Structure formats: structure tokens, C-alpha cells
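Participant: Just dropping this structure here.
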Amino acid sequence: MMLNYKEQEHTTGHQLIELIDVLERLGVSYHFETEIKNILENHYKNIIKMDKSLKGEKDLHATSLEFRLLRQHGFNLSTEVFDGFLDEMGNFKKLLSADIQGVLSLYEASFLTMENESILEKAREFSIEILKDHVREKKENDEMLMLIKHALEVPLHWRMQIWEALWFIKAYETAPNMIPSLLQFAKLDFNMLQATYQEELKDASRWDINAIHDLPHYMKECFLTLFNLVNELAFDFLKEEGCHMWAELCKAYLSEAKWYYNGYKPSLQEYIDNAWISVSTNVVLVHAYFLIQHPMRKEDLDGIEEHPRLFRYSGTIFRLADDLGTSKEESYAENCKVLREEVRMMLYKEEDTVHQLELIDVLERLGVSYHFETEINNILENHYKNIIKMDKLKGSEKDLYATSLEFRLLRQHGYNLSTDVFDRFVDEMGNFKKKLSVDIEGVLSLYEASFLSMDEDESILEKAREFSIEILKEYVRKKKENDFMSVLINHALELPLHWRMPRWEALWFIKAYETTPNVIPSLLQFAKLDFNMVQAIHLEELKQTSRYKPSVEEYLENAWMSISAPVMLLHSYFLIPDPITKHDLDLLEEYPNLLRLSSMVFRLADDLGTSKREKEIGDVPKAIECYMNEHKGCEEEEACEHVRSLISKTWKKMNEEAINSGFSQNFKDMCVNLARTAVWCYHSGDGYSDQDPESNSNILSSILMDSISIH
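According to the numbering used here, the stretch in the sequence shown is residues 123 to 833, in order.
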């Protein structure tokens, strides 16, 4: 193997760095931790000793790759290594855009940024723009294009490692410089790990507390003695050391419950301060530490209770990624905007006056006329003015349907149109002419208009109602098939349109309008989208009036604990195979920042991925709702973008904490990996309550069930 010391003599430093990157992406680097650590340590020492004038000799790819790997492994390499790639204005040189491999490496390296490292922010912006242009312009689907698309979806530093390994094993098969023996080793190792996971899953799934009843008496005594002893030890430790991680988690849950039942809306900061705990990353990371860290270090143990910043940053990213979610259909709002303009043009372009009135009537019955109030008012005002100016002869040209529809719409909109418009439809006795009974559409329109009567002196409208009811009932009795006109008549006779609740009428008419012979598809689509949007607003208003929403700050202060990450991390710590150190235990006692940050990522990732679904079912407010509540008028996408930025900021803090904290490398990796898992799991929703239920089931199936073909 090239990592062997004898082989290193014939291998360049850059080739070793490339090999380490491939080993990590293939998921087999854990076999060579000592060798990798020694190689990177030597690289770091050489860089520190190197004359500043010589630091620019490496190309962009080599510099970026080296920077990323060193920072990932806890070496705080300065961003000055990128100074040679900047112009006089402090921006990355444009000529670098031709080096696509280098730009991709720069992009991946930029996610190892800490706070106040503006050069890496510029690196990210510069590289994203170049990579997106490359994807747009590239026609053939080459290996580099595949790597770029994969990186732009989620950066490598944020990815769940075992899922990345599965993807990269398949990608590595087609790489031009693929090492067959390494590929074979990676496949075998993945399948062996998968078999181990399957065995553990079997053991866990068949565990049953009731099985104790089937044990012989002597085994029951042994089990209960051991069980009680462990619990007594745990209680004594809690009483003596005051480690309250589970209590903190419950407290975070209770804070969220209090917000929910009091209708309190936290600020974003308040939300985050709680959310990184409630996302449970502290629990996960600490438990992971005890699973893999042997021996345990005193420095690690001393800091657990302090919520190390690395914990917090990992939890914050987990929470923000959860809150955000990335798998979204095109928004209702965007569709509505396009369709609304299309309908607006219909109103302007329609020259036939009767068709204009029919369109207005349909818009009102579909419940979308409020979007076009100005246009409708202008049209009806012109109609009214024309009627006033019109002589009787010209006014008599409209049939019963058009006259009745115009009368109803004008009166509904406040125009006191005289009932004289109906005079030409009555006989010498003052009754409506019998021949009108064949015009069923006109009679139905007259029926609806009759309910706009204002006082007892408008007897013609009373006669209109009596006349139309008789004709319509007779039509329904004689009609055998249930045609569209019969549906409209039965609906009208049940309750006239003028007396109906508009919102309920809109729901009914949307369904009825689908079956009408002259349906306008775009208008129907617009009405459906608008109804759903208004419904969502009503639901949100109902929730807002019925519960307290905390500020984001208040929410996160509790939520990072309620997500259970601290509990998971603490338990994981005690399960790691390496020795547990007193240093780690001392650090863990105070909920170190590393634990808190990891929990915060967990919480925010959780909120981001599930917020939409949980809001629909009336769950407690999440980071997105808290932010929108703090910033009135804020759109949901803006709030989601803010949560994404919080995840990114928390990652910066966690990157720094992972380098500077006193924890063992194993525990640092656990915190970072928990955040990665959250970002990836909630990338397409949680696979349970929201968005894409197939997504996470596919991940689990690929990791646990589907072995990689060796041949």
C-alpha cells in the first residue's frame, strides 16, 4: 500500500494527499488512522517551516485539497495559503476559472471555514459561480461534471460518510486513475460493515423486556441484580457529579411545550439556544464518545457537562438543516402569480360585454375575484354608465340571461340599477311572459337576480322569484339525466347564490366548474391553487391565535437540547472502543460548545426538513415559524434562507471548535458526523413525516441491505 513507509519514499507528497482523500471518500480510512495522522502531521510541519515565498508553488487543486484535509484532521492551517491566488483587489483571479478541478477543490475547502475568514467566503462564491457555469455549458456527462453536480448538491464536509462512501465507490469505478485493488478493498469493506450493521439490527430488533419472564429463576436473579446495580451506580454518579444531560433534554422539550400551549413565538436566537439541545445531538455525541473512545480521557469527560461549543455547533447545524429541508415542489405562490396575470389579461382582452360579465361571475363564484377588484370595478362602472346613457330601444337588445346577470352583479357591487331593465320581459298584466320558460339559463339567472331585491316596492323582483322557482322546479322534475344545468338549478334552489357563504360556495363551484363544457383550464388551476393558499393562511391564523410562539432565540435555546442530540452523543461516547479519558469526561460534564453546536445543527436541520409538514398537523412552532413571527411580512423562503445561513454559521463555529477544543479526535468526529447525518437525512425531509418518504428508506436500504457487487 502506498501509505506504507517504504512506499512513501517513491511517492510524492501530493500523491499521498490524493490517496488519503480517496481512502476517506471510499470509507476505508479508519483502517489507516495512524499512517494518515503521521503523514498529515508531517505535511503541516513542512508548511509551517516553509518560506512564505515558496507557499504559492502548489497549484489551486493541491493547495485546496491539502487545506481541507488538514483542517478536517484538526490542524489549524491558515487561509494565507490562498493568498497567491488573489488579485490586487483581494478577489480570486479570473484565470483560475479554467482549472475546473482546482475550483472544485477550492469549493470543497471553503466549507472548512471558521468565523471571520472572508477569503473562504469569497472562495465559495467564486467557485459556485464557476462550477454552475461549467454545468450549464457542458454537454457530455463526463466524470468531472458528475463530481461537480454531486458537490453542488451537498458539500463533502457536510455529507454523511457512509452514504458518501456508497456513492463514491460507484463513481470511483469509472475514474481514469482508479486503483483496482483499492476499489476491491473498499467494496469488501463496505459489505463487511453492512453485515455487521445487519447483525446489530437483528440483535436490537429482537430485544424484548418481557423475555425475562421466560428465563430460569437463577438467571432472573442474576439479571435483576446486575440491572439494579447499574441503576444504583448511575444514580450515585448523578447525585455526586451532577450530570443532568437527560434532564436538560427534558427541560428543552418542556420549553417547546410551554411555547406551544401558551401560543408564544420565540425569536430566532431564542429558538436556536433551545433547539440545538432539543435536537438531541448532545445525547448522541456523548453516547457515541463512550462507544468509540478508548481509553477515555479525563479532559474529555471533564467538559461534557459544559456543553462544549463543538457540541452546540454540531447540534445547531443539525437543527437548522432539519428546519430547512431542501426538497420542494414549485411554490403555490409562484404558480398563482403566473396564472393571476393570465386571468387579468382575459379581463382586459374580452370585448364582448356579456362574456365580460360571465367571466366576472365565474371569478366571484370561484372565490378569486378579490385579486381583480380594480379591474372588475372599472368594468362594472362602465357598464352602469352605459345603461344610464342608453335609450330604451338599445337597452332592450339584451336577453333575459344577460339582463339578469348584469343586474345582479351591479347591485352586488353597490350600483342601484333600476328594476326597469326587466319591464320588457313582462306582459300587459305585469307578469313574466310564459315563453321565457324555454330559456332555462335565463330563468336561473333571473332567479338569482331576484334575491337582490331591496324593499317591498320592488314587486317585479318578487314576481320574478315566484315565476323562476316554478319553472326551475318543473325543469328538475322532468329532467331524467343529471346534466350540468340540473346541478346548478338544484344548488340554487337549495340556497340562492346571494345568501351563500362565499368561501363555501367557492369550494363547491371549483368542483362543479371542472365539469362545465366551457371550462377555462388555467382559471380552474388558479382557483384551486388560490383556495389551497387561502386555506393554509386560515390554518396558520388559527394556530397563531391558539398558541404561543417563542422567539427564535428562545426556541433554539431549548430546542438544541430537546432534539436529544446531547443524550445521543454522551451515550455514543461511552460506547466507542477507544479508552475513555478523564479529560473528556470533565469537559462533557459542562455541555461543551462542541456538543451544543452539533446539537444545534441537528435541531435546525430537523426543523428545516420537517417544518412544513409539522406546521400542517399543528405541531409546535419551529425555527422557520419563529423567524417569520419575529419579522412580520417575511416570506417562508426568506425564513428558510435565514435558517440555512444559521446552519452555515454554526458549521463555521463547529469547524473552529473541532480544531481548538481539548476533546479527543474520536469525540470531535462524532460531533461533526452527527451534524453531517442530520444535514443529509433531512436534505429531502425526514422520510417519515415530510416530503420524500422514499428518500431515507432508500438510504437505509442501501446501507443495510443492498450489498455492492464485487465483480
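In this text, a Cβ means the ideal position worked out from N, Cα and C, and glycines have one as well.
For clarity, every value in this text was computed on a predicted model and none was experimentally measured.
Just list the alpha helix (DSSP H) runs in the segment 719-779, keeping only unbroken ones of 4 residues or longer that don't cross its boundaries, in chain order.
Facilitator: Whole alpha helix (DSSP H) segments, 4+ residues: 745-752.
Participant: List the DSSP bridge partners of H693.
Facilitator: H409.
Participant: Which partner residues does E839 have in the DSSP bridge list?
Facilitator: Here the chain covers residues 123 to 833 and nothing more, so residue 839 does not appear.
Participant: Could you say which of V465, F349, E378 lies nearest to P672 if we only look at CA atoms?
Facilitator: That would be E378, whose Cα lies nearest to the Cα of P672.
Participant: Quick one: grab the DSSP three-state call for D521.
Facilitator: If DSSP states are grouped into helix, strand and coil, D521 belongs with coil.
Participant: In angstroms, rounded to a whole number, what distance separates the CA positions of W773 and V723?
Facilitator: Each residue's alpha carbon lies about 8 Å from the other.
Participant: Grouping DSSP H, G and I as helix and E and B as strand, with all else coil, what is H805?
Facilitator: Looking at H805 - three-state DSSP - the assignment turns out to be strand.
Participant: Under the assumption that S400 contacts Y382 (Cβ atoms under 8 Å), give the Cβ distance between them as a whole number of angstroms.
Facilitator: Not confirmed; about 12 Å, so no contact.
Participant: How big is the Cα-Cα spacing for Y340 and L346?
Facilitator: Looking at the two C-alpha atoms, the distance is approximately 10 Å.
Participant: Output yes if chain C places a C-beta closer than 8 Å to the C-beta of D708; else output no.
Facilitator: Included in the structure is just one protein chain, with no chain C present.
Participant: Just to confirm before moving on: does the CB-CB distance between E421 and D828 stay below 8 Å?
Facilitator: Cβ distance not < 8 Å, so E421 and D828 don't count as in contact.
Participant: If we call anything under 8 Å between Cβ atoms a contact, is H505 one with L522?
Facilitator: Not closer than 8 Å, so no.
Participant: Consult DSSP for D424 and reduce its assignment to one of helix, strand or coil.
Facilitator: D424 falls in the strand class under three-state DSSP.
Participant: Could you round the C-beta distance between S389 and C756 to whole angstroms and report it? I think they count as a contact, below 8 Å.
Facilitator: Their Cβ separation, rounded to whole angstroms, is 13 Å, which puts S389 and C756 out of contact at 8 Å.
Participant: Take A634 as the anchor and find which of D652, H620, N612 has the nearest alpha-carbon.
Facilitator: Among D652, H620, N612, the Cα nearest to that of A634 is on N612.
Participant: Report the partner residues of D706 according to the DSSP bridge assignment.
Facilitator: Paired residues: K420.
Participant: At the level of alpha carbons, what is the spacing between I170 and I698?
Facilitator: Taking the straight line from one Cα to the other gives about 33 Å.
Participant: Can you tell me which of K775, I501, S786, F696 puts its alpha carbon nearest to the alpha carbon of A410?
Facilitator: Ranking the options by Cα distance to A410, first place goes to F696.
Participant: Per DSSP, what kind of secondary structure is F214 in: helix, strand or coil?
Facilitator: The answer is strand: DSSP assigns F214 an E or B state.
Participant: Would you identify the three-state DSSP class for E712, choosing helix, strand or coil?
Facilitator: Correct three-state label for E712: strand.
Participant: Counting C-beta neighbours from all protein chains within 10 Å, is the total for D445 16 or more, i.e. buried, or is it exposed?
Facilitator: When all chains shown are included, D445 counts as buried.
Participant: If we ignore side chains and look at the alpha-carbon of each, how far apart do E140 and I161 end up?
Facilitator: Roughly 12 Å between the two C-alpha positions.
Participant: When DSSP labels each residue in this structure, what does V565 get in the three-state scheme?
Facilitator: V565: helix per DSSP, three-state reduction.
Participant: Leaving out five residues on either side along the sequence, give the residues of the same chain with a beta carbon under 7 Å from the beta carbon of K775.
Facilitator: Contacts found: E237, R431, Y435, L719.
Participant: Quick check: W398 and S721, are their CB atoms within less than 8 Å of each other?
Facilitator: In this structure, S721 lies closer than 8 Å to W398 by Cβ.
Participant: Please go through the same chain and pick out, in chain order, the residues whose beta-carbon is closer than 6 Å to the beta-carbon of T448, but skip the five residues on each side of it.
Facilitator: Caution applies to T448, whose pLDDT of 36 falls short of 50 and renders its modelled position unreliable; the model cannot decide the point.
Participant: If you drop the 5 nearest sequence neighbours on each side, which residues of the same chain put their C-beta closer than 6 Å to that of E679?
Facilitator: Same-chain partners within the cutoff: E392, D395, N396.
Participant: Could you tell me how far apart the beta carbons of F349 and H693 are, in whole angstroms, since I believe they sit closer than 8 Å?
Facilitator: 17 Å between Cβ atoms; not a contact.
Participant: Count the C-beta pairs between the segment 467-479 and the segment 756-766 that are closer than 8 Å, then say yes if the count reaches three, no if not.
Facilitator: They do not touch, by the three-pair rule.
Participant: Nearest-angstrom Cα distance between Y713 and A681?
Facilitator: Distance between the alpha carbons of Y713 and A681 is about 14 Å.
Participant: Going by other Cβ atoms of all chains shown within 10 Å of its Cβ, with 16 needed for buried, is A797 buried or exposed?
Facilitator: Looking at its Cβ environment, which holds 16 or more other Cβ atoms inside 10 Å, A797 is buried.
Participant: Straight-line CA distance for K754 to L726?
Facilitator: Roughly 21 Å between the two C-alpha positions.
Participant: Does the beta-carbon distance from F307 to V150 come in below 8 Å?
Facilitator: Contact flag set, yes.
Participant: Just mark R246 as buried or exposed, buried being the case when its beta carbon has 16 or more other beta carbons within 10 Å.
Facilitator: Per the 10 Å Cβ criterion, buried.
Participant: Counting only the same chain and skipping the five closest in sequence on each side, list residues whose C-beta sits under 8 Å from that of L182.
Facilitator: These residues qualify, in order along the chain: F207, L218, D221, G224, V225, S227, L228.
Participant: What does the alpha-carbon distance come out to for the pair I591 and L615?
Facilitator: Roughly 8 Å separates the two Cα atoms.
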